[in-house]
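Residue numbers (the working numbering), protein chains in the order written: chain A, 18 to 134; chain B, 9 to 120. Glycine included, every Cβ here is placed at the ideal spot set by N, Cα and C. Being a predicted model, the structure only gives us computed values, none of them experimental. Remarks on the structure that follows.
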Amino acid sequence: DSGVTQTPKHLITATGQRVTLRCSPRSGDLSVYWYQQSLDQGLQFLIQYYNGEERAKGNILERFSAQQFPDLHSELNLSSLELGDSALYFCASSPETGLGAGANVLTFGAGSRLTVL
Amino acid sequence: QQQVKQSPQSLIVQKGGIPIINCAYENTAFDYFPWYQQFPGKGPALLIAIRPDVSEKKEGRFTISFNKSAKQFSLHIMDSQPGDSATYFCAAKETSGSRLTFGEGTQLTVNP
């Protein structure tokens with residue numbers, strides 16, 4: 018157990034629908050990152066939050082949004098789902114604030130597998 | 009967007025062999041280069057990492073070689089075992105931030 022909890026583990030839904038993926042970071046970690054892993058694809062960075070504030074944004078679609086709550090858990094909202102959104106969505110956390118140079122160990126959850134039919 | 013390119017896409021070796029996975033990056037403002045190991049059904053887990061002021065780092069059977077001038081780094085697995093069969097990702101972190109940019113991944117199979 019990495020300490021990062023993601024729910025649900027599996028989700029099957031239809032095109033056009035909306036889903037919410039949830040992530041609880043490791044105790045003490047203030048940064049949360051969302052990554053998308055499609056078939057035969059690497060890990061694509063979506064977005065980072067630090068202590069409730071958006072810190073960095075990657076190639077996140079406008080149909081996707083995220084937030085981090087005061088208790089530091091985060092949610093990734095995916096709407097108007099398309100077949101191509103089927104993927105593994107990983108949440109990771111780290112203690113790093115992102116304001117300085119140095120090592121940053123990301124601890125990943127087990128992922129949420131989204132299937133859009 | 010900053011990129012990290014990884015090769016090969018897949019690799020098959022016999023037990024005891026030394027698989028080598030290579031990565032190249034473009035952004036000279038990267039300051040931390042970790043490797044992650046991912047087993048099926050699991051999230052990636054940190055395996056070993058290196059900073060650009062070091063040319064080599066060894067942890068157990070895993071070694072990172074780093075060539076700053078060529079902007080390349082590689083992972084070597086000594087005396088590979090079937091249990092090392094997994095997908096390996098190289099990554100890089102920009103000095104100005106904390107997110108990691110990942111390579112495309114290498115699926116390693118170690119045959120008994």
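Could one say the Cβ of residue i lies closer than 8 Å to chain A's Cβ atoms, at least one of them?
| i | result |
| --- | --- |
| serine 15 of chain B | no |
| glutamate 112 of chain B | yes |
| leucine 108 of chain B | yes |
| leucine 54 of chain B | yes |
| arginine 81 of chain B | Sequence check: residue 81 of chain B is phenylalanine here, not arginine. No, because no Cβ of chain A sits closer than 8 Å to the Cβ of phenylalanine 81 of chain B. |
| glycine 91 of chain B | no |
By alpha-carbon positions, which one of the options ends up nearest to residue i?
| i | options | result |
| --- | --- | --- |
| phenylalanine 81 of chain A | A:Ile29, A:Gly20, A:Arg130 and A:Arg35 | A:Arg35 |
| glutamine 85 of chain A | A:Gly69, A:Glu99 and A:Leu98 | A:Gly69 |
| arginine 130 of chain A | A:Asn121, A:Tyr106 and A:Ser111 | A:Tyr106 |
| glycine 101 of chain A | A:Ala127, A:Pro87, A:Ala31 and A:Ser44 | A:Ala31 |
| leucine 95 of chain A | A:Val122, A:Leu28 and A:Thr124 | A:Leu28 |
| alanine 37 of chain B | B:Arg59, B:Pro16, B:Lys50 and B:Thr71 | B:Arg59 |
| proline 120 of chain B | B:Ala99, B:Lys101, B:Asp92 and B:Arg107 | B:Asp92 |
| lysine 66 of chain B | B:Ala78, B:Asn75 and B:Met86 | B:Met86 |
| serine 97 of chain A | A:Leu78, A:Gln23 and A:Glu71 | A:Leu78 |
| proline 25 of chain A | A:Gly33, A:Cys40 and A:Leu89 | A:Cys40 |
| tyrosine 50 of chain A | A:Ser44, A:Thr37, A:Ile64 and A:Glu92 | A:Ile64 |
| proline 42 of chain B | B:Pro90, B:Gly105 and B:Phe81 | B:Phe81 |
| alanine 120 of chain A | B:Gly68, B:Gln11 and B:Ile56 | B:Ile56 |
| leucine 123 of chain A | A:Leu38, A:Pro42 and A:Thr37 | A:Pro42 |
| glycine 68 of chain B | B:Pro90, B:Asn35, B:Ser106 and B:His84 | B:His84 |
| phenylalanine 70 of chain B | B:Asp39, B:Tyr44 and B:Ser106 | B:Tyr44 |
Any Cβ of chain B within less than 8 Å of the Cβ of residue i?
| i | result |
| --- | --- |
| glutamate 113 of chain A | yes |
| glutamine 65 of chain A | yes |
| serine 91 of chain A | no |
| tyrosine 106 of chain A | no |
| valine 141 of chain A | Absent from the structure is residue 141 of chain A, since the part of chain A shown begins at 18 and ends at 134. |
| leucine 47 of chain A | no |
| leucine 60 of chain A | yes |
| serine 97 of chain A | no |
| alanine 73 of chain A | yes |
| serine 129 of chain A | no |
By the three-class DSSP mapping on this structure, what secondary structure does residue i have?
| i | result |
| --- | --- |
| proline 167 of chain B | For residue 167 of chain B there is no data in the structure shown, the boundaries of chain B being 9 and 120. |
Here's a check: name, in chain order, each residue in its chain whose Cβ is nearer than 6 Å to the Cβ of residue i, leaving out the five neighbours to either side.
| i | result |
| --- | --- |
| serine 88 of chain B | Val21, Gly25, Pro27 and Val118 |
| glutamate 64 of chain B | Ser73 |
| serine 18 of chain B | Gln115 |
| leucine 38 of chain A | Leu93, Tyr106 and Ser129 |
Can you list, in chain order, the residues of its chain with a C-beta nearer than 8 Å to that of residue i? Leave out the 5 residues immediately preceding and following it.
| i | result |
| --- | --- |
| lysine 13 of chain B | Cys31, Ala32, Tyr33, Gly111 and Glu112 |
| glutamine 61 of chain A | Tyr52, Gln53, Gln54, Ser55, Gly75 and Asn76 |
| glutamine 46 of chain B | Pro52, Ala53, Ala94, Thr95, Tyr96, Phe97 and Gly113 |
| valine 62 of chain B | Phe74 |
| serine 104 of chain B | Ala37 |
| glycine 45 of chain A | Pro112 |
Quick one: residues in its chain with C-beta nearer than 7 Å to the C-beta of residue i, no 5 flanking neighbours on either side, listed in chain order?
| i | result |
| --- | --- |
| serine 103 of chain A | Leu131, Thr132 and Val133 |
| serine 15 of chain B | Asn30 |
| glycine 33 of chain A | Ser97 and Leu98 |
Is any heavy atom of the ligand NAD found at a distance shorter than 7 Å from the C-beta of residue i?
| i | result |
| --- | --- |
| isoleucine 29 of chain A | In the structure on display, the ligand NAD does not appear, and there are no ligands present to speak of. |
Problem set entry | Length at least 3, wholly inside the stretch 36 to 118 of chain A: the beta strand (DSSP E) runs in chain order | Counting only runs of 3 or more residues that sit fully inside the stretch 36 to 118 of chain A, the beta strand (DSSP E) segments are 36 to 41, 48 to 54, 60 to 67, 70 to 74, 81 to 85, 91 to 95 and 104 to 111, in chain order.
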